[in-house]
Amino acid sequence: MKIATWNVNSVKARLETVTAWLKDAAPDVVCLQEIKTVDDGFPRGAFEDLGYNVEVHGQKTYNGVAILSKRPLEDVTRGLPGGETDEQARYIEAVVTGDKGVIRVASIYAPNGNPVASEKFPYKLAWMERLRARAAEILSYEEPAALMGDYNVIPTDEDCFDPAVWAGDALFQPQSQAALRTIENLGYQDAFRACDAKPGAYTFWDYQAGAWQKNHGIRIDFVLLSPQALDRLKTCTIDKRVRGWDKPSDHVPVVAEIDI
DNA sequence: ATGCCGACAGGATGTCGA
0 MKIATWNVNS
10 VKARLETVTA
20 WLKDAAPDVV
30 CLQEIKTVDD
40 GFPRGAFEDL
50 GYNVEVHGQK
60 TYNGVAILSK
70 RPLEDVTRGL
80 PGGETDEQAR
90 YIEAVVTGDK
100 GVIRVASIYA
110 PNGNPVASEK
120 FPYKLAWMER
130 LRARAAEILS
140 YEEPAALMGD
150 YNVIPTDEDC
160 FDPAVWAGDA
170 LFQPQSQAAL
180 RTIENLGYQD
190 AFRACDAKPG
200 AYTFWDYQAG
210 AWQKNHGIRI
220 DFVLLSPQAL
230 DRLKTCTIDK
240 RVRGWDKPSD
250 HVPVVAEIDI
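Numbering (numbering that gives the first Met the number 0), first residue to last: 0 to 259.
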């Protein structure tokens with residue numbers, strides 16, 4: 000089963016790019032982030048026409064996440080547990096059944112957190128703590144799980160072109176890196192790192208200042224796998240071709256092949 | 001030090017992203 004995550008930066012503005020990629024890559028499951036639309040505005044027909052089931056947790060203008068799957072999506076959870084007063088749509092989770100068993104998948108859009116001196120940074124850290132709690136709960140199920148998305152954390156110096164540029168940024172703060180590491184330390188593995196230890200692989204290049212042309216990127220989109228999913232991991236790749244296409248998102252898809 | 005680019009809502013330009 001081919002599973003993928005992609006921050007599309009508006010599903011409406013990106014519809015042609017996204018459908019072109021789906022036809023080219025033919026993933027079985029895709030977690031989308033930053034769809035920037037309410038549920039009713041989601042172009043579900045365009046994806047259903049390509050054979051996908053669609054589950055959406057949308058929001059006007061900002062955020063919003065979705066899951067597309069060629070297999071039925073079951074046990075759908077909208078919103079990250081523990082945030083009854085949180086209005087921001089950043090999490091949706093569902094269970095997919097493959098030929099050899101089930102896999103639980105989550106589409107995650109973690110808060111950016113900038114500027115660090117604002118209330119946005121503690122919101123980011125509190126949200127990551129809620130994600131840790133949910134990740135721990137999922138681990139207790141002892142089943143294959145893939146927590147996929149835009150974590151808005153640069154894990155190490157090797158995950159950005161120039162660490163000095165990011166020194167004051169929320170994505171690169173020690174607290175942000177620790178929050179991600181704490182989730183991994185529960186027992187999740189970064190699928191890309193499990194397959195490819197080379198530094199200098201990125202998933203995001205800013206639209207500004209020719210970042211793509213200069214390869215000034217960062218790696219902030221991850222597929223985190225439970226032990227039961229890691230056991231079945233075959234490959235994990237970053238599809239950077241897509242950043243060079245017309246009307247690209249500033250993020251590219253991360254794709255993992257799981258034997259499920 | 002800040003903007004660079006792009007999407008959105010709204011109908012100009014400010015907010016947000018990373």
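Every residue gets a Cβ at the ideal spot worked out from N, C-alpha and C, and that includes glycine.
Inter-residue spacing [alpha-carbon to alpha-carbon] between residue i and residue j
i      : j      : result
Ala25  : Val7   : 17 Å
Tyr61  : Gly97  : 32 Å
Asp147 : Leu223 : Reading the sequence as shown, one finds Met at residue 147 and not Asp. Computed Cα separation, rounded: 6 Å.
Val64  : Arg43  : 13 Å
Lys11  : Asp245 : 15 Å
Cys30  : Ala105 : 7 Å
Arg89  : Gln32  : 8 Å
Leu232 : Ile34  : 28 Å
Pro143 : Asp230 : 9 Å
Ala193 : Trp204 : 23 Å
Leu14  : Gly243 : 16 Å
Ala93  : Ile102 : 9 Å
Ser117 : Thr181 : 23 Å
Glu256 : Thr16  : 22 Å
Glu86  : Lys59  : 11 Å
Gly40  : Ile91  : 17 Å
Glu136 : Ala228 : 16 Å
Own chain, CB closer than 6 Å to residue i, minus 5 neighbours either side, in chain order
i      : result
Glu282 : Limits of the chain in this structure are 0 at one end and 259 at the other, which puts residue 282 out of reach.
Asp27  : Met0, Lys1 and Lys69
Ala3   : Pro26, Val29, Pro252 and Val254
Phe191 : Cys235
Asn267 : Nothing about residue 267 can be reported from this structure: the residues present for the chain run from 0 to 259 only.
Lys99  : Ile259
Met127 : Ala178
Cβ-based neighbour list, residue i, same chain, cut-off 7 Å, excluding 5 preceding and 5 following
i      : result
Thr202 : Arg218, Ile219, Asp220, Ile237, His250, Val251 and Val253
Pro154 : Gln176 and Leu179
Thr36  : Val10, Lys11, Gly57 and Gly63
Gly269 : Here the chain covers residues 0 to 259 and nothing more, so residue 269 does not appear.
Thr18  : Ala45 and Leu49
Val241 : Trp20, Pro247, Val251 and Pro252
Phe160 : Asn214, His215 and Gly216
Tyr187 : Ala134, Leu146, Leu223, Leu224 and Ser225
Gln174 : Leu124
Nearest-angstrom Cβ-Cβ length linking residue i and residue j, presumed shorter than 8 Å
i      : j      : result
Val124 : Ala178 : Note that residue 124 is Leu in the sequence shown here, rather than Val. The pair is a contact, with the Cβ atoms about 6 Å apart (cut-off 8 Å).
Val95  : Leu72  : 6 Å
Asp149 : Tyr206 : 16 Å between Cβ atoms; not a contact.
Glu47  : Val75  : Going by Cβ atoms, the distance from Glu47 to Val75 rounds to 16 Å, so no, they are not a contact pair.
Phe67  : Ala134 : Here residue 67 turns out to be Leu, not Phe, going by the sequence shown. Not quite, the Cβ-Cβ distance comes to about 22 Å (not below 8 Å), so this is no contact.
Cβ-based burial, residue i [other Cβ within 10 Å; buried from 16]
i      : result
Asn151 : buried
Leu170 : buried
Asp189 : buried
Tyr51  : buried
Val164 : exposed
Thr84  : exposed
Glu141 : exposed
Gln172 : buried
Gln212 : exposed
Ala196 : exposed
Ala166 : exposed
Residues near residue i by beta carbon distance below 8 Å, same chain, minus five either side
i      : result
Ala287 : In the structure as shown, the chain starts at 0 and stops at 259, and residue 287 therefore has no counterpart that could be examined.
Asn111 : Lys119, Lys123, Asn151, Ala169 and Leu170
Asp38  : Val55, His56 and Gly57
Please specify which runs of the alpha helix (DSSP H), each continuous and at least 4 residues long, are wholly inside the stretch 14-79, giving them in chain order. 14-24 and 43-47
Please specify which runs of the alpha helix (DSSP H), each continuous and at least 4 residues long, are wholly inside the stretch 149-212, giving them in chain order. 173-186 and 190-194
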